[in-house]
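See structure below.
Numbering (the working numbering), first residue to last: 312 to 478.
In C-alpha coordinates, the structure reads:
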(Lines of atoms letter the chains of each structure in order from A and count residues from 1; the text may use other names and numbers.)
(Lines give C-alpha, C1' and ligand atoms only; values in the text may rest on other atoms or scores of the structure.)
Protein backbone atom coordinates (compact mmCIF):
# COMPACT_ATOMS: atom_id res chain seq x y z
CA UNK A 1 0.00 0.00 0.00
CA UNK A 2 1.34 3.36 -0.99
CA UNK A 3 0.45 6.85 -2.04
CA UNK A 4 1.64 7.18 -5.62
CA UNK A 5 1.78 10.16 -8.01
CA UNK A 6 -1.37 11.02 -9.95
CA UNK A 7 -0.65 11.74 -13.60
CA UNK A 8 -1.96 15.11 -14.78
CA UNK A 9 -3.25 16.31 -18.13
CA UNK A 10 -1.74 16.35 -20.75
CA UNK A 11 0.20 13.16 -19.84
CA UNK A 12 -0.29 10.61 -22.63
CA UNK A 13 -1.25 7.73 -20.31
CA UNK A 14 -4.55 9.53 -19.62
CA UNK A 15 -5.53 9.14 -23.28
CA UNK A 16 -4.78 5.42 -23.49
CA UNK A 17 -7.38 2.69 -23.15
CA UNK A 18 -6.82 0.37 -20.20
CA UNK A 19 -6.72 -3.40 -20.69
CA UNK A 20 -9.02 -5.91 -18.99
CA UNK A 21 -7.75 -7.72 -15.93
CA UNK A 22 -7.66 -11.43 -16.77
CA UNK A 23 -6.92 -12.86 -13.32
CA UNK A 24 -6.86 -11.75 -9.73
CA UNK A 25 -3.43 -11.92 -8.11
CA UNK A 26 -1.30 -10.03 -5.59
CA UNK A 27 -0.37 -7.36 -8.13
CA UNK A 28 -4.06 -6.49 -8.63
CA UNK A 29 -4.57 -6.25 -4.86
CA UNK A 30 -1.52 -3.93 -4.61
CA UNK A 31 -2.92 -1.71 -7.38
CA UNK A 32 -6.30 -1.62 -5.60
CA UNK A 33 -4.66 -0.66 -2.30
CA UNK A 34 -2.55 2.03 -3.99
CA UNK A 35 -5.66 3.44 -5.71
CA UNK A 36 -7.50 3.70 -2.39
CA UNK A 37 -4.54 5.20 -0.49
CA UNK A 38 -3.82 7.71 -3.26
CA UNK A 39 -7.49 8.66 -3.74
CA UNK A 40 -7.99 9.21 -0.01
CA UNK A 41 -4.78 11.22 0.30
CA UNK A 42 -5.93 13.47 -2.57
CA UNK A 43 -9.43 13.71 -1.05
CA UNK A 44 -11.02 12.45 -4.25
CA UNK A 45 -14.24 10.54 -4.87
CA UNK A 46 -12.70 8.22 -7.44
CA UNK A 47 -9.50 7.19 -9.15
CA UNK A 48 -8.77 5.00 -12.16
CA UNK A 49 -5.64 2.88 -12.53
CA UNK A 50 -4.43 4.76 -15.59
CA UNK A 51 -4.37 7.96 -13.50
CA UNK A 52 -1.50 6.34 -11.60
CA UNK A 53 0.13 5.08 -14.79
CA UNK A 54 -1.26 1.53 -14.83
CA UNK A 55 -3.23 0.52 -17.92
CA UNK A 56 -5.53 -1.97 -16.22
CA UNK A 57 -9.31 -1.68 -15.89
CA UNK A 58 -9.50 -1.03 -12.15
CA UNK A 59 -11.20 1.88 -10.38
CA UNK A 60 -11.64 2.97 -6.79
CA UNK A 61 -14.66 4.97 -5.62
CA UNK A 62 -15.40 6.33 -2.16
CA UNK A 63 -18.50 8.39 -1.55
CA UNK A 64 -18.60 10.68 1.51
CA UNK A 65 -19.15 8.72 4.73
CA UNK A 66 -18.82 5.35 2.97
CA UNK A 67 -16.10 2.72 2.70
CA UNK A 68 -14.00 2.67 -0.47
CA UNK A 69 -15.02 0.29 -3.25
CA UNK A 70 -12.86 -1.36 -5.89
CA UNK A 71 -14.32 -2.32 -9.26
CA UNK A 72 -12.35 -4.51 -11.66
CA UNK A 73 -13.26 -4.50 -15.38
CA UNK A 74 -16.24 -2.19 -14.77
CA UNK A 75 -18.59 -1.35 -17.59
CA UNK A 76 -21.83 0.56 -17.95
CA UNK A 77 -24.51 -1.82 -19.26
CA UNK A 78 -27.48 0.59 -19.15
CA UNK A 79 -28.11 4.25 -18.47
CA UNK A 80 -31.00 6.64 -18.63
CA UNK A 81 -31.71 10.34 -18.63
CA UNK A 82 -29.44 13.34 -18.65
CA UNK A 83 -28.51 15.93 -16.06
CA UNK A 84 -26.04 18.78 -15.96
CA UNK A 85 -23.48 18.38 -13.18
CA UNK A 86 -20.33 20.15 -12.06
CA UNK A 87 -17.30 17.93 -12.40
CA UNK A 88 -13.62 18.07 -11.55
CA UNK A 89 -10.75 15.61 -11.75
CA UNK A 90 -7.58 14.81 -9.82
CA UNK A 91 -5.76 14.66 -13.18
CA UNK A 92 -6.96 18.16 -14.14
CA UNK A 93 -6.31 20.05 -10.88
CA UNK A 94 -7.58 23.56 -10.38
CA UNK A 95 -10.41 23.37 -12.92
CA UNK A 96 -14.09 22.42 -13.03
CA UNK A 97 -16.73 22.24 -15.71
CA UNK A 98 -20.44 21.60 -16.15
CA UNK A 99 -21.07 18.47 -18.20
CA UNK A 100 -23.91 16.09 -19.02
CA UNK A 101 -24.08 12.82 -17.12
CA UNK A 102 -26.79 10.15 -16.84
CA UNK A 103 -29.53 10.29 -14.22
CA UNK A 104 -28.92 6.64 -13.41
CA UNK A 105 -26.61 3.89 -14.61
CA UNK A 106 -26.42 0.15 -14.31
CA UNK A 107 -22.91 -1.26 -14.24
CA UNK A 108 -21.22 -4.61 -13.85
CA UNK A 109 -17.76 -5.39 -12.52
CA UNK A 110 -15.74 -7.76 -10.37
CA UNK A 111 -14.89 -6.94 -6.77
CA UNK A 112 -11.63 -7.62 -4.90
CA UNK A 113 -12.68 -11.22 -4.25
CA UNK A 114 -13.41 -11.74 -7.97
CA UNK A 115 -17.16 -11.84 -7.31
CA UNK A 116 -19.56 -10.55 -9.93
CA UNK A 117 -21.02 -7.19 -8.87
CA UNK A 118 -24.06 -5.47 -10.38
CA UNK A 119 -24.69 -1.84 -9.48
CA UNK A 120 -27.71 0.36 -10.12
CA UNK A 121 -26.69 3.88 -9.17
CA UNK A 122 -27.91 7.43 -9.32
CA UNK A 123 -26.57 10.72 -8.01
CA UNK A 124 -22.88 10.95 -7.15
CA UNK A 125 -22.22 7.21 -7.50
CA UNK A 126 -23.60 7.18 -11.07
CA UNK A 127 -21.51 10.23 -11.90
CA UNK A 128 -18.36 8.71 -10.38
CA UNK A 129 -18.86 5.42 -12.24
CA UNK A 130 -19.23 7.23 -15.57
CA UNK A 131 -16.26 9.50 -14.83
CA UNK A 132 -13.88 6.69 -13.79
CA UNK A 133 -14.95 4.31 -16.58
CA UNK A 134 -14.37 7.18 -19.02
CA UNK A 135 -10.79 7.34 -17.69
CA UNK A 136 -10.32 3.65 -18.47
CA UNK A 137 -11.32 4.45 -22.05
CA UNK A 138 -8.91 7.40 -22.36
CA UNK A 139 -11.67 10.00 -22.00
CA UNK A 140 -11.43 13.03 -19.70
CA UNK A 141 -14.45 14.89 -18.35
CA UNK A 142 -13.51 17.99 -20.33
CA UNK A 143 -14.09 15.97 -23.51
CA UNK A 144 -17.80 16.14 -22.62
CA UNK A 145 -17.91 19.95 -22.58
CA UNK A 146 -20.11 21.36 -25.33
CA UNK A 147 -18.70 23.99 -27.69
CA UNK A 148 -20.08 26.91 -25.67
CA UNK A 149 -18.82 25.57 -22.34
CA UNK A 150 -15.34 26.12 -20.96
CA UNK A 151 -13.36 24.85 -18.04
CA UNK A 152 -13.54 27.21 -15.10
CA UNK A 153 -10.48 27.94 -12.98
CA UNK A 154 -11.13 27.11 -9.34
CA UNK A 155 -9.88 29.81 -7.00
CA UNK A 156 -8.23 28.55 -3.83
CA UNK A 157 -10.44 29.05 -0.81
CA UNK A 158 -9.61 32.20 1.08
CA UNK A 159 -9.13 31.77 4.79
CA UNK A 160 -11.55 34.14 6.55
CA UNK A 161 -9.32 34.36 9.63
CA UNK A 162 -6.46 35.73 7.51
CA UNK A 163 -8.72 38.42 6.03
CA UNK A 164 -10.01 39.43 9.47
CA UNK A 165 -6.45 39.69 10.84
CA UNK A 166 -5.54 42.12 8.03
CA UNK A 167 -8.33 44.56 9.04
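Backbone N, C-alpha and C fix where the C-beta goes; we use that ideal spot for every residue, glycine too.
Model, not experiment: these values are computed from the prediction.
> What did DSSP end up calling residue 443 once you bin it into helix, strand or coil?
Replying inline: In the structure shown, residue 443 sits in a helix (DSSP, three-state: H, G or I).
>> Let's test the definition: count the other Cβ atoms within 10 Å of the Cβ of residue 442 and tell me whether it reaches 16, buried, or not, exposed.
In response: Residue 442 should be labelled buried.
>> Closest to residue 318 by C-alpha separation, out of 356, 416, 350, 362, would be which residue?
In response: 362
> Does DSSP put residue 361 in a helix, a strand or coil?
Replying inline: helix
> Which of helix, strand or coil does DSSP assign to residue 403?
Replying inline: coil
> By Cβ distance, which residues of its chain are closer than 6 Å to residue 422, with the 5 residues on each side in sequence left out?
Replying inline: 428
>> Helix, strand or coil, according to DSSP, for residue 466 in the structure here?
In response: coil
>> I need the straight-line Cα distance from residue 419 to residue 314, nearest angstrom please.
In response: 27 Å
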